[in-house]
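In the numbering used here, each residue carries its 1-based index in the first sequence increased by 1. Even glycine gets a Cβ: it sits at the ideal position worked out from N, Cα and C. One structure is given here, and the rest of the page talks about it.
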Amino acid sequence: MNSFEKIKSVLENLAERAGADFSLDIPESSEHGDYATNIAFILSKQKGISPKSCADNLIVELQTKLADIVEKIEVAGAGFINFYLKDEIRTNEALNKDLSLNILNGKKVICEYTDPNPFKLFHIGHLVPNAIGEAISRIYESVGADVTRICYQGDAGMHVATTLWGIKNMGEGFPKENISLNEKVAFLGRAYAYGTKQIEDNADVKNEIIKINKSIFAGEKNDIYDIGKKWSLDYFETIYQRLGSKFDYYIFESEVSSIGKELVLKNVPEVFEESEGAIVYKGEKVGLHTRVFINKEGLPTYEAKELGNAIQKEKLVPNNDISIIVTANEINEYFKVVKSALGEIDKNLSNRIKHISHGMLRLPEGKMSSRTGNVISTEELIEEVKEKLKDKFEKARIEGKEKEQLINDVAVAAVKFSILKIAPGKDIIFDIDKSISFEGDSGPYLQYTYARLTQLILKCENAKIVNEKVESEKELEKLINNFSNILERTYKENAPQHMVVYLTQLTRAFNTFYGKERIISEDNMVNKYHLDLCNVIKNVLQKGLYILGIVAPSEM
RNA sequence: GCUUCCAUAGUGAAAUGGAUAUCAUAACGGUCUUCGGAACCGUCGUUGGGGGUUCGAAUCCCUCUGGAAGCACCA
């Protein structure tokens, strides 16, 4: 039992008598000790005395019970109780910090994220769900879950039909097989943009596209469709590799649409009903709005497919405990309707679904849209970041292929960091120049510190280790000891930004320490405490970066 | 019009109802003939307006103002 758990259990004992809830926190300011509790505010209410005098009474008992680990307990402010650990307790816990945390105990968790659409560009908007989904997956794994990563891709529907119509009608001719994957995908993008434009100008076009859509849904053989889909998927795969995501299963709309449609039809009229030729769910009965699940053409819409998707995930990962889905917040309202409808069919399944929504990635000019052609692909963005990095890597210690990979990893870190530092759900104004500025809080700053620290530790292998007593680094030790609490909070709130903020703090604290303390002396001596501390910090940084999906390079 | 979400230094963000609201950047001033300057230290500056609940509010409630998304067959 560590000091935090011990203090907590003593307080729980106190609170239990009164049946009260309280918190035990790690204060932001170091002037408030190692831990602080608000228990006096809670208990004072019941006793009808002031929080301050209540705290004064409590610390007498606390001091006796915690004498072995606590240096000092004091009442501060309006009635906070602050605990100051004995130095050797804090140091010992930090140097022996166990970074593993088992909360979920092997529970099966599904995480669906990224969800790009074949035939469309993998634009920078897809970076957001990818970065968040990958981080969430790793966060859950880090607290003991068995995570299955799933990517759901819309290979059927109007956007595909529009692209196919565009290919046929824009008059470019079908590309040869030997052009690059990028050019092939760009061709599909132009076809989609052309088709979308023509729909606006000509009503007949829409009817033709609807026809194509129907034929795809009916599963009619279509060579262009097959080739285009393969191009898209091959292209997506190259991007996942660069971003560091690997999916266990891919689910396609084409395979779940009939599952969804059947499920809807089977539940008419209990759950769904016919209205104006379509089959809808009347969400008004639960405070939502009506959504179409099967349109009057008899085709399942997004909503019905989403039901099919949910069923399919159950098949792939039977007996799962939590099913997470990461999507843009623009579908929040639809998703509520889908979830409510699903709840009427299968309450248990619906309850296990956890929707994490993220904001839009916006360019300063306005909303990005593949319809207008004002799009930046993920690839373009990463390439641009890499280009700007190249100067800085001129004096890098590695060369060739490894260097190429490193520059990619740093570029991805820069982008991922700028996404993950923002609480999911809020829009991200994506200013390219700012995102690739490596001054201050950034992915590359963390990576650089990690690389420097790794090299420092390597260098210590050739140094003489001395065991002299030096002053303990309280700030660093407290941060290290805080890791598990941060991880737990990051998991409970599905909030990667807590880990980002924490790693930034730890990195800065290390750099401050590094700046004021010479670790390896000029006559090649290292203090054992300093070396041990460096090793622990390295491990925490490595684990934290891994959780965020950011590569931790041992040299740069 | 209705529903949901949002508003924090010049800029971008963080903050379980807790203490003096943090962090970065910009600006300004320093450290250093580097244990790898993509470093460190210092100065400056913030909770949209008005009510309420609470020992305590950026956080909860009401209201106003401003913004975003959605509101039937796209996803």
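If only complete runs of 3 or more residues are kept, the region 309-385 shows the beta strand (DSSP E) at 323-329, 354-359, in order along the chain. Counting C-beta pairs closer than 8 angstroms gives three or more between the region 144-162 and the region 192-212, which meets the contact rule.
Pairing Leu308 with Leu343 gives a Cβ-Cβ distance under 8 angstroms. Nearest C-alpha to Ile104 among Lys539, Lys517, Leu507, Lys493: Lys493.
When the Cα atoms are used, Glu385 and Ala412 turn out to be separated by approximately 9 angstroms. Approximately 17 angstroms separates the beta-carbon atoms of Ile399 and Lys460; this is outside 8 angstroms, ruling out the contact. Its chain contains Gly34, Asp35, Val71, Glu72, Lys73, Ile74, Glu75 as the residues whose beta carbon lies nearer than 8 angstroms to that of Tyr85, once the 5 sequence neighbours on both sides are disregarded; these appear in chain order. In summary, Phe175 is exposed, with fewer than 16 beta-carbon neighbours lying within 10 Å of its beta-carbon over all protein chains present. Going by C-alpha positions, Glu472 is about 20 angstroms away from Ser30. Excluding the 5 residues flanking it on each side, Lys48 has same chain C-beta neighbours closer than 7 angstroms at Cys55, in chain order.
Your pair Asn330 and Ile27 does not check out as a contact, with CB atoms roughly 31 angstroms apart and the cut at 8 angstroms. For Lys470, the number of other beta carbons within 10 angstroms of its own is below 16, and it is reported as exposed.
A distance below 6 angstroms between beta-carbons, with the five flanking residues on each side excluded, links Val257 to the following residues of its chain, in chain order: Lys306, Gly309, Asn310, Gln313.
Of the residues Lys387, Lys517, Val327, Ala464, the one whose Cα lies closest to the Cα of His127 is Val327. With a cutoff of 8 angstroms on beta-carbon distance, Asp410 and Pro554 are scored as near each other.
Taking the Cα positions, Val502 is about 29 angstroms away from Phe123.
The C-beta separation of Tyr547 from Arg139 comes to about 7 angstroms, placing the pair in contact by the 8 angstroms criterion. Going by DSSP, Ala279 is part of the beta strand (DSSP E) stretching over 279-282. Nearest Cα to Arg353 within the set Glu556, Val338, Glu315: Glu315. The DSSP assignment places 204-218, 224-244, 254-267 as complete runs of the alpha helix (DSSP H) inside the region 201-282, in order along the chain (cut-off: 4 residues).
In the same chain as Ile213, and ignoring 5 residues on each side of it, the C-beta atoms closer than 7 angstroms to its own belong to Ala162, Leu165, Trp166, in chain order. Here Tyr114 carries a coil assignment [DSSP, helix/strand/coil].
Shown here, Leu105 sits in coil according to DSSP, grouped into three states, outside any helix or strand. Judged by beta-carbon spacing, Lys230 lies beyond the 8 angstroms limit of Pro117, meaning their Cβ atoms are not closer than that value.
The region 490-530 contains, as complete beta strand (DSSP E) runs of 3+ residues, the segments 526-528 (chain order).
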